[in-house]
Structures are given as structure tokens and as C-alpha cells.
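**Student:**
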Ligand SMILES: [Zn+2]
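Residue numbers (our numbering): 652 to 717.
As C-alpha cells, then:
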């Protein structure tokens, strides 16, 4: 299955559910066409990068979406 990228929260997911359950950007059709860079958050509470860029949920994210 092709991965989808949410324009709002920048989640990269299989399917239509964002890493952030409150976002729902993908459900409302806000998928990005392309992205630059990826980051994988394993444990948002232990990740300094996650805190720095404000990613509260584990999962894969795009750095930049377009
Ligand atoms: Zn989203």
C-alpha cells in the first residue's frame, strides 16, 4: 500500500489515520502530494527531537510537505 502524508500534522502512514488521533487531516482529504525528509519517532516522550519539533505521537513524519 502506498503511504499517505498528512498536510496538517505531517504524518506518514499506511491508510487514512494520522499519528495524531485528533488531526483527521487525511480523513478530510488533506493529503500532501510530496514531501522532503523523514523522521521516525519511536517514543515521543524520550525523544529530544520529538520535543524540539513538537511531535507528541510516535510514528513516521515528513519534515516538509508540499
Ligand atoms: Zn494529520
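Glycine included, C-beta positions come from ideal geometry on N, C-alpha and C.
Based on the DSSP output, what are the partners of residue 665 in its beta bridges?
**Tutor:** Residue mapping note: residue 665 aligns to position 14 of the chain shown, counting from 1. Looking at the DSSP assignment, residue 665 forms a beta bridge with 654.
**Student:** Given a threshold of 16 other Cβ atoms within 10 Å of its Cβ, counted over all protein chains shown, does residue 676 qualify as buried or as exposed?
**Tutor:** Residue mapping note: residue 676 aligns to position 25 of the chain shown, counting from 1. Label assigned to residue 676: buried.
**Student:** Do you know how far the Cα of residue 657 is from the Cα of residue 690?
**Tutor:** Residue numbering aside, residue 690 sits at position 39 when the chain shown is read from its first letter. Residue numbering aside, residue 657 sits at position 6 when the chain shown is read from its first letter. Distance from the CA atom of residue 690 to the CA atom of residue 657, rounded to whole angstroms, is 14 Å.
**Student:** Which term fits residue 662, buried or exposed, when burial requires 16 or more other beta carbons within 10 angstroms of its beta carbon?
**Tutor:** As a first step, residue 662 is located in the chain shown; it is residue number 11 there, counting from the start. So residue 662 counts as buried.
**Student:** Tell me whether residue 713 is buried or exposed, calling it buried when 16 or more other Cβ atoms sit within 10 Å of its Cβ.
**Tutor:** Working through the chain shown from its first residue, we reach residue 713 at position 62. Counting Cβ neighbours within 10 Å, residue 713 comes out buried, since at least 16 surround it.
**Student:** Nearest-angstrom Cα distance between residue 698 and residue 671?
**Tutor:** As a working mapping, residue 698 is identified with position 47 in the chain shown. As a working mapping, residue 671 is identified with position 20 in the chain shown. The C-alpha of residue 671 is placed about 16 Å away from the C-alpha of residue 698.
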